[in-house]
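Residue 1312 is where the sequence shown starts when you use the numbering used here, and the numbers rise one by one after that. Even glycine gets a Cβ: it sits at the ideal position worked out from N, Cα and C. From a predicted model like this one, the values you see are computed outputs, not experimental measurements. Take a look at the structure below.
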Amino acid sequence: MLNSANDVLKIFVDEAGDPTLFANRRRAIVGTPGCSRFFILGKLEVDDPVGLGHRLNELRRALLANPYFANVPSFDPARDKTAAMFHAKDDVPEVRYEVFKLLVAEGNALRFHTVVCDKEQVVQDVLRRNQTEPNYRYQHNELYDGLMRSLFGKFHRLADAYEVCIARRGQSDRNEALRTALDHAERDFASNYGFARGGKDVWRIRVSTPKSDPCLQAVDYFLWAMQRFFEPRSDPETGVPKHEERFLNLLWPQIGEIHDLHFGPSHGTFFNAQRPLNAETRFGKDKRKKP
């Protein structure tokens, strides 16, 4: 058993977008209204989860008490939105500004890593596989578990033990499948780097909700910034699709690595401090992986 003197890395995991590829009759719907083009999985390393959770809760209580937000729909407790927890999609811009300001103030006590997949490329992979395996049917969890394996198989910060809190997906926490994905990631790591991080005994996994674990709310904000960058929105003045960079730029000093799996060479592209991510380098030209 680990003692309190050991270094325990606290990690919080959530997703942005959705793993859906097809509608009825195997019709590809990636990028259509209601179906994202990208699926993103991110992990946030938090040095002081208790402290961060306290600061997020205190901020929310202060905003709830502020008369400026009186009658704002998301502040209605019956709606179970900002009144209960921060969620970037539901929060009004003034609230987002305050949450982002709090997260930035945490400095290097927060470190974010993520993997991004282009679902248009995944659709092509599935169709090619069906040519040799006609009975194969894509399942949503395949994409999620594959990204989990990729995210945790990388050489990021090492510790004596790892406590991983994963946001619940739908009605099932899928504990065993998550454990299997992390076991595969551990084997990948040992194969790639020549040593193990301690095997399954040093990994503690629990599934929770953002309402119960405020640090999952922090992950949501990092992922929302990613999604606003990758999923274009129409400019209100010109109508031209625009990849919004300002939120990602704000958090950039706390982002350790973005692995864009379907961009550039066959292994994808790693964006980090040495190779910053911006709209011109990512979307200026079509540099997706060739089949």
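Residue i, enclosing beta strand (DSSP E) - first and last residue
{"i": "residue 1429", "result": "1421-1429"}
{"i": "residue 1325", "result": "1319-1327"}
{"i": "residue 1355", "result": "1349-1357"}
{"i": "residue 1473", "result": "1472-1478"}
Exposed unless 16 or more other CB atoms sit within 10 angstroms - verdict on residue i
{"i": "residue 1356", "result": "buried"}
{"i": "residue 1449", "result": "buried"}
{"i": "residue 1360", "result": "buried"}
{"i": "residue 1487", "result": "exposed"}
{"i": "residue 1326", "result": "buried"}
{"i": "residue 1497", "result": "buried"}
{"i": "residue 1502", "result": "exposed"}
{"i": "residue 1468", "result": "exposed"}
{"i": "residue 1312", "result": "Note on residue 1312: pLDDT 36, under 50, position unreliable in the model; no value is reported."}
{"i": "residue 1379", "result": "exposed"}
{"i": "residue 1457", "result": "buried"}
{"i": "residue 1402", "result": "buried"}
{"i": "residue 1315", "result": "Its pLDDT being 43, under 50, residue 1315 is placed unreliably in this model, and the coordinates cannot settle the point."}
{"i": "residue 1585", "result": "exposed"}
{"i": "residue 1393", "result": "buried"}
{"i": "residue 1522", "result": "exposed"}
{"i": "residue 1455", "result": "buried"}
{"i": "residue 1461", "result": "buried"}
Residues near residue i by beta carbon distance below 7 Å, same chain, minus five either side
{"i": "residue 1590", "result": "1554 and 1556"}
{"i": "residue 1514", "result": "1473, 1475 and 1493"}
{"i": "residue 1447", "result": "1440 and 1441"}
{"i": "residue 1399", "result": "1407, 1531, 1532 and 1535"}
{"i": "residue 1437", "result": "1332 and 1449"}
{"i": "residue 1383", "result": "1403"}
First and last residue of the uninterrupted alpha helix (DSSP H) at residue i
{"i": "residue 1444", "result": "Per DSSP, residue 1444 belongs to no alpha helix (DSSP H) and is neither H nor E."}
{"i": "residue 1404", "result": "1404-1416"}
{"i": "residue 1361", "result": "1360-1375"}
{"i": "residue 1331", "result": "No alpha helix (DSSP H) contains residue 1331, which DSSP labels as neither H nor E."}
{"i": "residue 1452", "result": "1451-1463"}
{"i": "residue 1390", "result": "Careful: residue 1390 lies outside any alpha helix (DSSP H) and carries neither H nor E."}
{"i": "residue 1594", "result": "1590-1594"}
Contacting residues, own chain, Cβ-Cβ under 6 Å from residue i (five flanking each side not counted)
{"i": "residue 1582", "result": "1569 and 1588"}
{"i": "residue 1328", "result": "1347, 1349, 1350 and 1351"}
{"i": "residue 1580", "result": "1571 and 1574"}
{"i": "residue 1499", "result": "1464"}
Residue-chain proximity (residue i, chain D), Cβ-Cβ < 9 Å
{"i": "residue 1338", "result": "Protein chain content of the structure displayed is limited to a single chain, and chain D is not contained in it."}
Check: Where in the segment 1509-1585 do unbroken runs of the beta strand (DSSP E), each at least 3 residues long, occur, reported from the N-terminal end onward?
Finding: If only uninterrupted beta strand (DSSP E) runs of at least 3 residues are considered, those enclosed by the segment 1509-1585 are 1514-1519, 1566-1571 and 1580-1582.
Notebook entry, point to check: Do three or more CB pairs link the segment 1425-1434 to the segment 1340-1353 at distances below 8 Å?
Noted result: Contact holds: three or more Cβ-Cβ distances are below 8 Å.
Note to self: When you compare the segment 1517-1535 with the segment 1459-1479, are there three or more beta-carbon pairs, one atom per stretch, that lie closer than 8 Å?
What the structure shows: Yes, since at least three Cβ pairs between the segment 1517-1535 and the segment 1459-1479 fall closer than 8 Å, the two stretches touch.
Check: Is the segment 1566-1577 touching the segment 1427-1441, taking contact as three or more C-beta pairs under 8 Å?
Finding: The segment 1566-1577 is in contact with the segment 1427-1441.
Note to self: Assess contact between the segment 1329-1343 and the segment 1410-1417, defined as three or more Cβ pairs (one per stretch) separated by less than 8 Å. Is contact present?
What the structure shows: With the cut-off at 8 Å, the segment 1329-1343 and the segment 1410-1417 do not touch.
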